[in-house]
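First up is the structure itself, then whatever we jot down about it.
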Amino acid sequence: MAKLGYFMVFVTLYVFLIYMEPVSGAPFLLGNQMSALAVIPRTEEQATALLEFLRNNPQYGSRASVQVNTEEVLLVPSDDISRVSNGLENIGLRLTSADAYEIS
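If you use mature numbering (1 follows the signal peptide of the UniProt record, and there is no 0), the sequence shown corresponds to residues -25 to -1, 1 to 79, in order.
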C-alpha cells in the first residue's frame, strides 16, 4: 500500500512539474531567483489598493481579499523587485522584508 502511495505522489509531481509548468508560466524549472516580499497594509485604503494591485498583476499572487494589519507575501522574480516595490510605494505601501530564494 505504501508503494502505491509513493507512486501516486511521484506521478502527481511529475505531471505538475513537467506538464503544468509551461502552461501556468510558473518558473519552477527555469532556475529563476525569486524574492518573497512581505507587505502589511495598515489602513483600509491600503488594503483596497493592494488588492487592486494584485488583480492588475496576478503573476505576483491572487487574493480574494486583503485584511488590514495582516502580512501579505508576494513571490516576485528578482528582476521585477524594483518595479513592484515602486508600484507598491506609489499606492502608499512599503515592504517589511525581502528575502531572496533560488528556485531550481
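Cβ coordinates follow ideal geometry from the N, Cα and C atoms, glycine included.
Here the structure is a predicted model, which is why all the values come from computation and not from measurement.
Apart from sequence neighbours up to five positions away, the residues of its chain that approach Glu19 with a beta-carbon distance below 8 Å are Val43, ordered along the chain.
With respect to the 7 Å criterion, Met9 and Pro52 are classified as neighbours on the basis of their beta carbons.
Judged by beta-carbon spacing, Leu25 lies within the 7 Å limit of Val41, meaning their Cβ atoms are closer than that value. The beta carbon of Val48 sits closer than 6 Å to those of Ala11, Ala13, all from its chain and outside the five residues before and after it, given in chain order. Cβ atoms of Gln21 and Leu68 come within 8 Å of each other, at about 6 Å.
Setting aside the 5 residues that flank it on each side, Val59 is surrounded in the same chain by Val51, each with a C-beta closer than 6 Å to its C-beta; the list follows chain order.
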